[in-house]
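Taken in order, the sequence shown gives residues 23 to 691; the numbers are from the numbering used here. Here a beta-carbon is modelled for each residue, glycine too, at the ideal position from N, C-alpha and C.
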Amino acid sequence: MPPWPPLRRALERVVPLLRRARPAYPRPDRVGYRRWIPSWRQTAGGLLGCAGLLAFLVAVAYWQTDIPENPNSFATQQDNVFYWADGTEMARTGWVSRQEMPLEKVPEDVRWAVLAAENADFYSDPGVSPSGILRALSRMVGGGDTQGGSTITQQYVKNVYLTQDRTLSRKAQEMMLALKMDNTFGKDEILEGYLNTGWFGRGTYGIQRAAQAYYGKEVSELDASEGAFLASLLKGAGLYDPTLGPENRERAVERWAWVLDRMVRIGKLTPAERAKYTEFPEPTETTGGRTDLSGRRGYLAELAKSYVVRYGKVSEKDFDLGGYQVHTTFDRKKTEALDKAVRDARGRLDPGKRKADRFVRTGAATVSADGRILALYGGPDFLEQGFNESNAVTVPAGSAFAPFVYASALTDGIVREREAPRSPVTPLTPYNGQHNAPVMTPEGPYWDRNGKVVKGRNDGERNWGTSIPLRYAMVNSVNSTFLQLGMDVGLDRVRGHAVNAGLLPSSLGPQVPAFALGNSTPSAIRMATAYGTFAAEGVRSEPYWVVRATRNGSEVELPGRRTRRAFSAEVSAQVTDALRGVMEEGTGREARVPGLRAAGKTGTTEDNTAAWFVGYTEKEATAVVLYRMDLRKLDLLPLDGVAGHTDEAPGSPLPGMIWKDYTTAAARS
């Protein structure tokens, strides 16, 4: 079938033209080798054709290039920083030392110092530098090295999405991604990303961590001179950190001056401003760097993390990605004093010679009357033992639980006979204090599962008489009295008051007579919290240990201080009076601190597997627990003979010694 007439006529006109335009090659009008030398038209046409083909290939490559959804893990990984109550750095966690910072918090002079050093035309370039590309290609041809010639956009792409390989293929991919990114994101977004991912040496990524590592300050506090030095590090931190040697310092000073001068040349620093910076801003040798989690810091940081995760509703996965700054309530001096007191006491142990000194564990915590955890001792070293002994809920409270029974009786009164009304109780109410006194209910003696009458056993099998005042029974820790008192108040009521005071319901034991003598297993943190309720005149404050948390400058919402009245001020004063008697004339005499009017209580268990001392002043409470446990078996072992203690009385003097030494040191600080 013949072509459509209009098409046929067009072909008849075009074909002859194409034949005439076809380059005659080899050239018929030349002879010899000249036939193979193209004319200038043929040369120009070939170059134009190659340029067109190259443009076509670049367009196809650009069209097929997508910005990866997932950047390199190290590019997004940040560290989390924990701070003491005084604002100084306590610990860091995470694989890298990096903290993202919004661009608006980076001073403009610091931004332009980086741009002057690395890419002054950043805001006008298309994401790549043609001259830089040619330099990179010439280096590749000359020696296979494509380093150099990169804009900030290209460097950011390399840092976040690519490897550090110096190959032509990686360079081509870098350029395509840079072009795509420049057309997809704003310049400020790219600059912010670059400043947050650049390597500055001293183990730091990002300008925020660099500011802290080299100058011990936030990036928002830097001036142009300090910014010029940090910008120098981007060229090679190992070459420009002046603390690494005199040659480094010479290079650093020269590069610093060059950056400032270049800022003047590009109009971002006036000559008058430049004249102010005549002295090189010497970086410190000691500030910055990573703080590990060895010793006590790990226990504190892990507890602080748990608070942010739980109350800030942050998933562990998100927290571990980093970027959090957590400001805690932990008092550095008190924590150091508590750590020293525990270690000094544990210095009396000799597990190599005494079998009884093996597996001895100590937990301790100080909580202020308003609920702040000020100090804790979680174990010998977090990196060796992650188990936090101050937060352990495996050790019975023993007779240290008695103040809650006493407070419950003073609050609710007692019932001794069936259907009788409750009778009020005072500190002078008489009770039976005889050893082996049977526990009575309105229906008669209390029988255990084995068909035996439960009896109260006093330490040393001592008889205290059949009519001992409750306050006196508290001062002397008369077990039989409080065993009966708990039954008369009602174990369910005692349980409720213990929870109101600050103990966790999950740590409370079964409601049998032994409940009144501490079959519950509260942690040292919670025991200090609950005793702190008496110190606060009956107002219970929920313990907290983080006052503020941010992620890359944005606040993490945390609950405010939570309080409730657990006991009346009168009942709390009566409990405090009795516990002061414990320290002045009773079982806690050895823990007295001269000049300090404190209240406290020792704690022992019938099977002698735990020893406590919990004491408080008007401002804070401290709980110390000592026990033996093989963490592989999680079985409590008896304390008989620990530290060479030969007294027949149960327990151990070490918790009281720790409390006294710590409180004495803390009072001096």
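- Contact between His-519 and Thr-433 holds, since their C-beta atoms are separated by about 7 Å, short of 8 Å.
- Non-local C-beta neighbours of His-457 in its own chain, meaning closer than 7 Å and more than five positions away in sequence, comprise Arg-479, Asn-480, Glu-483, Arg-484, Asn-485, Ser-502, ordered along the chain.
- When secondary structure is reduced to three states using DSSP, His-349 falls in the strand class.
- The segment 533 to 553 and the segment 412 to 428 touch, with three or more beta-carbon pairs separated by less than 8 Å.
- Residue pairing of Leu-505 in beta bridges, as defined by DSSP: absent, with no partner found.
- Residue environment for Gly-508: buried (at least 16 other C-beta atoms within 10 angstroms of its C-beta).
- The three-state reading of DSSP puts Ser-172 in coil, since its state is none of H, G, I, E or B.
- As DSSP reads the structure, Ile-395 sits in a beta bridge with Val-389.
- Around Asn-498, the same chain offers Gly-608 as residues with beta carbons nearer than 6 Å, after the five sequence neighbours per side are excluded.
- With respect to Ile-490, Pro-443 sits apart: the two C-beta atoms are not nearer than 8 Å.
- The C-alpha of Tyr-178 is placed about 8 Å away from the C-alpha of Gly-220.
- Shown here, Gly-554 sits in a helix according to DSSP, grouped into three states.
- Under the three-state reduction of DSSP, Asn-102 is assigned to strand.
- With contacts defined as CB atoms closer than 8 Å, Ala-391 and Phe-352 fail to qualify as a contacting pair.
- Here the segment 209 to 216 makes no contact with the segment 232 to 241; the two share fewer than three CB pairs at distances below 8 Å.
- According to the DSSP assignment, Trp-681 belongs to the alpha helix (DSSP H) that extends over 676 to 690.
- Around the CB of Ile-229, 16 or more other CB atoms lie within 10 Å, so the residue is classed as buried.
- Of Glu-111, Lys-327, Tyr-649, Ala-422, the smallest CA-CA separation from Glu-240 is found for Glu-111.
- Residue Gly-512 holds the alpha-carbon nearest to the alpha-carbon of Met-462 among Ser-430, Gly-487, Gly-512, Leu-450.
- Per the C-alpha coordinates, the member of Ala-246, Leu-659, Ala-253 positioned closest to Tyr-227 is Ala-253.
- When the beta-carbon positions are compared, Asn-522 and Ala-588 come within less than 8 Å of each other.
- In summary, Pro-532 is exposed, with fewer than 16 beta-carbon neighbours lying within 10 Å of its beta-carbon over all protein chains present.
- Counting along the chain, Ala-422 sits inside no beta strand (DSSP E), nor does DSSP assign it H or E at all.
- Between the segment 628 to 637 and the segment 660 to 668, the count of C-beta pairs closer than 8 Å reaches three or more; the two stretches touch.
- DSSP places Glu-441 in the coil class of the three-state scheme, outside both helix and strand.
- Assigned with DSSP and collapsed to three states, Glu-642 falls in strand.
- Taken through DSSP and simplified to helix, strand or coil, Gly-512 comes out as coil.
- In this structure, the beta-carbon distance from Tyr-684 to Ala-274 does not fall below 8 Å.
- Counting along the chain, Ser-254 sits inside the alpha helix (DSSP H) bounded by residues 246 to 255.
- Scanning the segment 603 to 677 from its first residue to its last, the whole beta strand (DSSP E) runs of 3-plus residues come out as 621 to 626, 632 to 638, 642 to 652, 657 to 659.
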